Structures are given as C-alpha cells and as structure tokens.
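Undergrad:
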Amino acid sequence: MTNAYEDIKLTTDGMIATITVDRPHLLNAIRYHTMLEIDDALDAIESDESVRVAVLTGAGTKAFVSGGDISIMAKGLEYVQTLSEVPKGQEVCSRIENFPKPVIARINGYALGGGTELALCCDIRIAVESAKMGLPEIKLGIIPGYGGTQRLPRLIGVGRAKELILTGDRITAQQALEYGLVNRVVPMAELNKTVYEFAQKMASYGPVALQMAKAAINNGLQADMRTALQLEARCYSICFATEDRVEGMNAFLEKRKPNFQGR
657 MTNAYEDIKL
667 TTDGMIATIT
677 VDRPHLLNAI
687 RYHTMLEIDD
697 ALDAIESDES
707 VRVAVLTGAG
717 TKAFVSGGDI
727 SIMAKGLEYV
737 QTLSEVPKGQ
747 EVCSRIENFP
757 KPVIARINGY
767 ALGGGTELAL
777 CCDIRIAVES
787 AKMGLPEIKL
797 GIIPGYGGTQ
807 RLPRLIGVGR
817 AKELILTGDR
827 ITAQQALEYG
837 LVNRVVPMAE
847 LNKTVYEFAQ
857 KMASYGPVAL
867 QMAKAAINNG
877 LQADMRTALQ
887 LEARCYSICF
897 ATEDRVEGMN
907 AFLEKRKPNF
917 QGR
C-alpha cells in the first residue's frame, strides 16, 4: 500500500492495516480532505486480500480526532458546499460502518465531534483511560453532521444521546464504557497491546464469516425481526458454502488451528 497522503498515514502489518489521522499539531482535527483520504485508504484496504482487519486511530498521545477543523469551518461554507461535503462525510462514515472487514477504533485521546462520529462507525472501540468523548457541536451553533444524531441514540439509547447532544458535554472514558459507547478502557501503556490483540484474534478467523456476521448485525438492525432472521439465514448459508467452513470444522475435529483462506 502506498502512503501518498497529506492528512493520514496508511500502514500494514501482516493481516492488519492501520489508518492514522496525522494532524497532531491540530489534535488530529479533520477537514473535508481528510475524509477523502480516509475513503481512498479504505479502497486500498478493501482491495488487499491479505488484510483482514483495519484499525483507525490518531497520531500522537493526545487525540484520536478532536473534531472538525474549526479554523476552516469558521471561515464559513456556502450552503451549496455543505450540501455536497456533509453527505460525502456521511458516506465515508457509513462505508466504515458497513466495511466488509472489521474496523477497530483505537481511541488514544480526545474523540470529540467528528471524532466520536468516526468512532461510532467502527465495530470495536477501545479507549485510553484519559480519553474524552462527546458531541459539542451545539456549542458552535450547529449539530453533528456525520451521523452522530442517528448512531449515538441507536448505540446508547435516546435519553443519554439527547443529553450528550443537547448539552454538548464531554464524558470520560469510564463514563463511555458505562454507557456502552466503548468496549474497553485501558491505560496508555496497554492500548497498543489490547487493540492489536483484538485485531489479531479477528484476523485469525475466516474473512467471509467476519463479513457475513457484520452484515447480518448491521442490516438486521434496520429491519423487523422476521426479515432480519431471513437475512441471518442467507448469511449463514453463504458461510456454509465456503471452503473456510470445511476447513474450520475439520480443524475442530482434528484438534488443530484452522487455516482460513477467505474462500
């Protein structure tokens, strides 16, 4: 994978790819260009069959993504411009949410505004103890624009989501854990170990099964139970028709580790 980017870095280590928002001088604040680069990096990860899991994080030790780049936003955008740029940001977030490979958010500090919204799109969220999360857009006279008003209530409930969005309050990593906003909270010294152990564990499984499990959950949540169960059955059947299913079951019976190939 190439790394000809201005706002991000894309690296790979075996079956794991890492996208790092690399604007530490601005606490990794994102702009429209950042989202375009993340989208391009997702293209590279999706097309690389050797990569099975992606990690999204921020450069340095202070911030995951501190929000939108206010220095740009304060200059004002034409109404017509927001009609194109905001939907594109939403599109990138939705792509992360529905990406065919698991995506882990490595929350290494502030995750505010767009940072919380990016984290919400990921499948697993692991935060450092010092992390702060929230959607403070209301304090700027705007609202979350990358899916925060929709994903947050679905994840933590309407009452808590409205409290966070309508007050703009920040919460600690421990509060985020209690709310169900993150999966784990760890000391900074253990962050990499925890994140990449999660990634390695998932990467050791069959890619088709990972994709189908994620698709069944995500799409099923948008449907009634009967339709969702039909979707689950289709995803199950797809898995059952793979060579990986044969390998997984044979490995279990033979008491050995499976060697999944993604087919």
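Using the numbering used here, the letters of the sequence shown correspond one by one to residues 657 to 919. Every residue gets a Cβ at the ideal spot worked out from N, C-alpha and C, and that includes glycine. Being a predicted model, the structure only gives us computed values, none of them experimental.
1) So who's on the other strand from Y802, going by DSSP bridges?
2) In the DSSP assignment, find the beta strand (DSSP E) that holds R781 and state where it starts and stops.
3) Secondary structure at A829, three-state DSSP: helix, strand or coil?
4) Check each candidate in A767, K795, P809, A697 and name the one with the smallest Cα separation from D662.
5) Three-state secondary structure (DSSP) at Y852?
6) How would you call F720, buried or exposed, if buried means at least 16 neighbouring beta carbons within 10 angstroms?
7) In three-state terms, what does DSSP make of V841?
8) Rounded to whole angstroms, what's the CA-CA distance from D825 to I780? Just pull it up for me.
9) Whole angstroms is fine: what's the gap from P788's alpha carbon to M905's?
10) Name the two residues that bound the continuous beta strand (DSSP E) containing I763.
11) Going by DSSP, what residue range makes up the beta strand (DSSP E) through G790?
12) Roughly how many angstroms separate the alpha carbons of T828 and S786, rounded to a whole number?
13) Can you name the start and end residues of the beta strand (DSSP E) that V711 belongs to?
TA: Here's the rundown:
1) In the DSSP assignment, Y802 forms no beta bridge with any residue.
2) R781 -> beta strand (DSSP E) spans 780-784.
3) helix
4) Strictly speaking, residue 662 in this sequence is Glu, with Asp absent from that position. Nearest C-alpha to E662: A697.
5) helix
6) buried
7) strand
8) Near 23 Å, if we compare the C-alpha coordinates of I780 and D825.
9) First, the amino acid is wrong: residue 788 is Lys here, not Pro. Between K788 and M905, the C-alpha separation is close to 43 Å.
10) 759-763
11) 788-790
12) Between T828 and S786, the alpha-carbon positions lie close to 7 Å from each other.
13) 709-714
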